[in-house]
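*Asks:* Numbering (the working numbering), first residue to last: 1 to 260. Every residue gets a Cβ at the ideal spot worked out from N, C-alpha and C, and that includes glycine. Just so you know, these numbers come straight off a predicted model, no measurement behind them.
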Amino acid sequence: MLLRFVYLLLLLVLTPVPGVAQVNTEAMRVAGDRTGFQGAFSLTGNVDAGNTSVYEIAMEGRLDYLRPTNRMFIVYNYEYGYEDAEAIKNEAFIALRNTWQWKPRLAVEAFVQQQQNEFIRLKDRKLIGGGVRITAVDVENAQSDWRFRTFLGVAAMAEREVIDATTRLDRFVTNLTRSTNYLSVTLGKGEAFYLSAVQYLQFVPDATSDYRYLADVNLETRLYGSISMLFSLSYRLDNEPPAGVGRFDLSYTTGLRYRF
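(1) Between the beta-carbon of asparagine 239 and the beta-carbon of arginine 212, is there less than 8 Å?
(2) Contact check, alanine 58 vs asparagine 77 under 8 Å by CB: the rounded distance?
(3) Residues bridged to isoleucine 227 by DSSP?
(4) Helix, strand or coil for glutamate 240? Go by DSSP, reduced to three states.
(5) Quick one: is isoleucine 120 buried, meaning 16 or more other Cβ sit within 10 Å of its Cβ, or exposed?
(6) Compare the C-beta of threonine 69 with all C-beta atoms of chain B and state if any pair is closer than 8 Å.
(7) With burial defined as no fewer than 16 other Cβ atoms inside 10 Å of the residue's Cβ, what is the status of proline 270: buried or exposed?
(8) I believe threonine 135 touches phenylalanine 151 by the beta-carbon criterion, under 8 Å. Please report the beta-carbon distance rounded to the nearest angstrom.
(9) Quick check on glutamate 191: does DSSP put it in helix, strand or coil?
(10) Compute the Euclidean distance between the alpha carbons of aspartate 249 and valine 185, then round it to the nearest angstrom.
(11) Going along the chain, which residues of its own chain have a beta-carbon closer than 6 Å to the beta-carbon of leucine 63, five neighbours each way excluded?
(12) Determine the closest residue to glutamine 199 out of Gly190, Asp216, Asp206 and Asp210, with distance taken between C-alpha atoms.
(13) Tell me, please, which residues DSSP counts as bridged to lysine 123.
(14) Straight-line CA distance for isoleucine 227 to glutamate 60?
(15) Excluding the 5 residues preceding and the 5 following isoleucine 128 in the sequence, name in chain order all residues of the same chain whose CB lies nearer than 6 Å to its CB.
(16) Exposed or buried, what is serine 42 when buried is set at 16 or more other beta-carbons lying within 10 Å of its beta-carbon?
(17) Between which two residues does the beta strand (DSSP E) containing valine 245 stretch?
(18) Take aspartate 138 as the anchor and find which of Arg222, Ala156, Arg149 and Pro205 has the nearest alpha-carbon.
(19) Could you please give me the residues that DSSP links to threonine 180 through a beta bridge?
(20) Determine the burial state of tyrosine 258: buried for a count of at least 16 other Cβ atoms within 10 Å of its Cβ, exposed for fewer.
Set out below in structure tokens:
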């Protein structure tokens, strides 16, 4: 049964969808139902040696405040990498998200986010938005502690982007309102195992060719005490990227997370 769920989650995310950009904060929700404050710090890395030397590192810190009817988190992430002494990655973001459980299967969400990514010429992106979150499926086995859930999110956001170019005079700023929608599927066993698959589709209502698609698969397994192993697979597609920037990115990371 577990293998079947894992297969379905991977199939859901990796199936091509018509539709790189905003960070997928839905994929950053924590597992478990403990209340109060909790935090985590994770460090991931990648080293390739041989014909070329590639080094990449990513750091993430977060703080969560969990209540039965309110879940809030703030997260900061920084990634840097270089190949043969030349920088190939330099990006960072910070996000705050709050979810109020209004009814048993209906919640209200609000979020703010700031992001920069040198290698897709994103000098700065700020956004603020809100919407609703619907619990479509919630199945739990109390004896084995397994829980399977599916969520649908529908929201709108105001976005301001500053795109850098070869010279400061070429820099341009856009201010848009986007529809942002997600499907999230999770499978967990207490705090020992957590698998999530999330898909986002974002578009400008009066310019539907300007859309983004984001997909993430995240797996966290506890190794010992507060230390967990992380695996993450991410796909990003921007149908109208800045000039000279590719339409999609695919990345895989692995590392450790410490919870406190």
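*Replies:* If we stick to the structure as given:
(1) Here residue 239 corresponds to residue number 239 of the sequence shown, with the count starting at 1. Here residue 212 corresponds to residue number 212 of the sequence shown, with the count starting at 1. Contact flag set, yes.
(2) Along the sequence shown, one-based indexing puts residue 58 at 58. Along the sequence shown, one-based indexing puts residue 77 at 77. Contact flag correct, Cβ pair sits at about 7 Å.
(3) Taking the first residue of the sequence shown as position 1, residue 227 is located at position 227. Partner(s): Tyr224 and Tyr258.
(4) Locating residue 240 in the sequence shown gives position 240, counting from the first residue. In this structure, glutamate 240 counts as coil in the three-state DSSP scheme.
(5) Here residue 120 is taken as the residue at index 120 of the sequence shown, counted from 1. Buried is the call here.
(6) Given the protein chain composition of this structure (a single chain), no chain B is represented.
(7) Missing from the structure shown is residue 270; the chain here goes from 1 to 260 and no further.
(8) Taking the sequence shown and counting its residues from 1, one reaches residue 135 at position 135. Taking the sequence shown and counting its residues from 1, one reaches residue 151 at position 151. Going by Cβ atoms, the distance from threonine 135 to phenylalanine 151 rounds to 6 Å, so yes, they are a contact pair.
(9) Position 191 of the sequence shown, counted from the start, is the residue given in the question as residue 191. In the structure shown, glutamate 191 sits in coil (DSSP, three-state: anything other than H, G, I, E or B).
(10) In the sequence shown, residue 249 corresponds to position 249, counting from 1. In the sequence shown, residue 185 corresponds to position 185, counting from 1. One C-alpha to the other measures close to 22 Å.
(11) As a working note, residue 63 is residue 63 in the sequence shown. Hits under 6 Å: Gly39 and Ile74.
(12) Looking up residue 199 in the sequence shown gives position 199. Comparing Cα-Cα distances from glutamine 199 to each of Gly190, Asp216, Asp206 and Asp210, the minimum goes to Asp216.
(13) To locate residue 123, count along the sequence shown from 1; it is residue 123. Answer is none; lysine 123 lacks a bridge partner.
(14) Counted from its first residue, the sequence shown places residue 227 at position 227. Counted from its first residue, the sequence shown places residue 60 at position 60. Those two C-alpha atoms are separated by around 14 Å.
(15) Residue numbering aside, residue 128 sits at position 128 when the sequence shown is read from its first letter. Same-chain partners within the cutoff: Val112 and Ala158.
(16) Position 42 of the sequence shown, counting from 1, holds the residue named residue 42. So serine 42 counts as buried.
(17) Against the sequence shown, residue 245 aligns to sequence position 245. Valine 245 -> no beta strand (DSSP E), and no H or E assigned at all.
(18) Here the question's residue 138 lines up with position 138 in the sequence shown. Measuring from the Cα of aspartate 138, the nearest candidate turns out to be Arg149.
(19) As a working note, residue 180 is residue 180 in the sequence shown. BP columns for threonine 180 point to Ala155 and Gln202.
(20) For the purposes of this step, residue 258 is identified with residue 258 of the sequence shown, where counting begins at 1. So tyrosine 258 counts as exposed.
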